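Visitor:
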Amino acid sequence: MSRWSGPVAVGFSCVGHTYSHLFAPIFYVAALALEQDLAMSHGEVIALIVAGNLLYGIAAPIVGWIGDRWSAVGMMALFFFGTGAGMVLTGCANDAWQIALALAVTGLFASIYHPVGMAWLVRNAVNRGTALGLNGMFGNLGPAGAALIAGVLIHYWGWRAAFLVPGLLVVATGVAFVWGMIRGVVVETKVDVRQVPLPARDEQVRAILVLLVTLICSGLIYQATQSGMPKLFSVRLSELAAGGVFGPATVVSSVYLFSALFQVLAGRLADRYPLKVVYVCAWAMQVPLLLIASQAGGALLVAAMAGAVMANTGALPAENTLVAKYAPSRYRGLAYGLKFIITFGLASLGVLLEGRLFDASGEFTWLLVVLGSLAAVGTAAALLLPGEARERAAVPAE
């Protein structure tokens, strides 16, 4: 194995995380233009991505199991080529049904990343919290970059370019990934660099039950805020919407950029302090911020939403480390797959929730109140996690 294999694995895993979060936020910005082009309501347009979001989550355990049994790097190659091709197909679609089908294809191949790419990263990581925090930062750069890129491309060349240009970039990265496999710097690994004993069975069961609750709440909050923010800012910050989609897209991009940077700190905290403490704090922060956002406008609205998104995504390094801690190494891809069938499959109903509540009320007050209530439920559940002693920074296995 090349001495560059570990850093290369982390690099491709981080870039892959960015790409896995491109297609949905691009669509949510493009939806502002598609409402007019397709003569459909906001809720009807948003519903076009539901099948893609469901496949993004539902397929995760299956592709995670294949990655465990067959090849993580082989599945990652399929991820790059399939996701890029799906985005290109979306940009070439001619009507609502074709858009929905192309997004479904994109979601299916994009589902490979989280169970396979993150399991591959964890096997190659010494300090898991730090690695997952860095990886999470790149994941948040997806929505941040996607919103800004989509805003620029739509402004100058239309909504199709917002899918075609990034899609071709993802395919080109797949070519580089396969070249790395041929050169021997992208390699398969089945053994953790850092060996950690599994907790007791009763702690495993307790942690799994708690995580089932928090994952559902977290996924619903993430999906609903991601789909709703472009429309939220265009409605409440009307001066930004005067020039089209670019203004709201820029604000959304800024929100995700700040949350991306916060994930690096959150990952360091997950390595330095008990995971339960970090996880509970991230959950508790979301409750007041979402409730403030339900009533706010102007700069306060942007600040509250930025804080809520930072806290929601800032919980992920601790959350993903908890999954790695309580799941056996040989089933880790499957475990991450089961996690993401909840957060991106079942929780994709958050997109429908956002669209339906907006169409019914013409505002976002009730949606944000509901999301704040879900954050309170997540906080209460996280408090029930098993306690743990503070751990020292990890050292490589001999």
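Following this note's numbering from start to finish, the sequence shown increments by one per residue and tops out at 1818. Here a beta-carbon is modelled for each residue, glycine too, at the ideal position from N, C-alpha and C. What you are looking at is a predicted structure, and each value in this text was computed from that prediction instead of being measured.
To the nearest angstrom, report how far apart Gly1587 and Asp1622 are at their CA atoms.
Guide: One C-alpha to the other measures close to 45 angstroms.
Visitor: Could you round the C-beta distance between Ala1581 and Tyr1746 to whole angstroms and report it? I think they count as a contact, below 8 angstroms.
Guide: With 8 angstroms as the limit, Ala1581 and Tyr1746 do not qualify as a contact, their Cβ atoms being about 44 angstroms apart.
Visitor: Excluding the 5 residues preceding and the 5 following Ala1467 in the sequence, name in chain order all residues of the same chain whose CB lies nearer than 7 angstroms to its CB.
Guide: For Ala1467, where only same-chain residues beyond five positions count, the Cβ hits under 7 angstroms are Leu1772 and Gly1775.
Visitor: Quick one: is Ile1602 buried, meaning 16 or more other Cβ sit within 10 Å of its Cβ, or exposed?
Guide: By the 10 Å Cβ count, Ile1602 comes out exposed.
Visitor: Quick one: what's got a C-beta closer than 6 angstroms to Gly1755's C-beta in the same chain, skipping five residues either side?
Guide: The question names Gly, yet the displayed sequence has Ala at residue 1755. The answer, listed in chain order, is Val1743 and Ala1747.
Visitor: Is there contact here, the segment 1629-1644 with the segment 1792-1803, by at least three beta-carbon pairs under 8 angstroms?
Guide: These segments touch.
Visitor: In angstroms with no decimal places, state the Cα-to-Cα distance between Leu1552 and Leu1689.
Guide: Each residue's alpha carbon lies about 11 angstroms from the other.
Visitor: Among the candidates Ala1767, Cys1701 and Pro1481, whose CA atom is the shortest distance from the CA of Ser1638?
Guide: With distances taken between Cα atoms, Ser1638 lies closest to Ala1767.
Visitor: If you drop the 5 nearest sequence neighbours on each side, which residues of the same chain put their C-beta closer than 8 angstroms to that of Arg1812?
Guide: Here the model assigns Arg1812 a pLDDT of 40, short of 50, so the residue's position is not dependable, and the following value carries that caveat. Nothing listed; no residue qualifies.
Visitor: Just to confirm, are Gly1559 and Thr1438 a CB contact at a threshold of 8 angstroms?
Guide: Yes, the Cβ-Cβ distance between Gly1559 and Thr1438 is below 8 angstroms.
Visitor: Grab the span of the alpha helix (DSSP H) containing Ile1569 for me, first residue to last.
Guide: Its alpha helix (DSSP H) spans residues Arg1548 to Trp1577.
Visitor: For the alpha helix (DSSP H) containing Arg1489, list its first residue and its last residue.
Guide: It spans Ala1480 to Arg1489 - the alpha helix (DSSP H) in which Arg1489 sits, taken as one unbroken run.
Visitor: Ignoring anything shorter than 3 residues, give me the beta strand (DSSP E) runs that lie fully in the segment 1430-1474, in order along the chain.
Guide: None, since the segment 1430-1474 contains no complete beta strand (DSSP E) of that length.
Visitor: Any contact between the segment 1564-1584 and the segment 1475-1482? By contact I mean 3 or more CB pairs, one from each, below 8 angstroms.
Guide: Verdict: no, contact absent.
Visitor: Trp1599: buried (16+ other C-beta within 10 angstroms of its C-beta) or exposed?
Guide: It counts as exposed.
Visitor: By alpha-carbon positions, which one of His1534, Ser1654, Gly1484 and Gln1643 ends up nearest to Phe1432?
Guide: Nearest C-alpha to Phe1432: His1534.
Visitor: Decide if Thr1550 is buried, meaning its Cβ has at least 16 other Cβ atoms within 10 Å, or exposed.
Guide: With 16 or more other Cβ atoms within 10 Å, it is buried.
Visitor: How is Asn1740 classed by DSSP in three states: helix, strand or coil?
Guide: Helix, per DSSP.
Visitor: Whole angstroms is fine: what's the gap from His1462's alpha carbon to Asp1515's?
Guide: Cα to Cα, the separation comes out at about 16 angstroms.
Visitor: Measure the C-alpha to C-alpha separation of Trp1517 and Ala1620 and round it to an integer number of angstroms.
Guide: Those two C-alpha atoms are separated by around 49 angstroms.
Visitor: Just to confirm the assignment, what range does the alpha helix (DSSP H) spanning Arg1750 have?
Guide: Looking at the DSSP string, Arg1750 is not in any alpha helix (DSSP H), and its letter there is neither H nor E.
Visitor: Classify Arg1750: buried if its beta carbon has 16 or more other beta carbons within 10 angstroms, exposed otherwise.
Guide: Answer is exposed; the Cβ neighbour count stays below 16.
Visitor: Count the other C-beta atoms from every protein chain shown that fall within 10 angstroms of the C-beta of Gly1472, then say buried if there are 16 or more, exposed otherwise.
Guide: Counting Cβ neighbours within 10 Å, Gly1472 comes out buried, since at least 16 surround it.
Visitor: Is the Cβ-Cβ distance between Lys1696 and Leu1568 less than 8 angstroms?
Guide: No, Cβ-Cβ distance for Lys1696 and Leu1568 is not below 8 angstroms.
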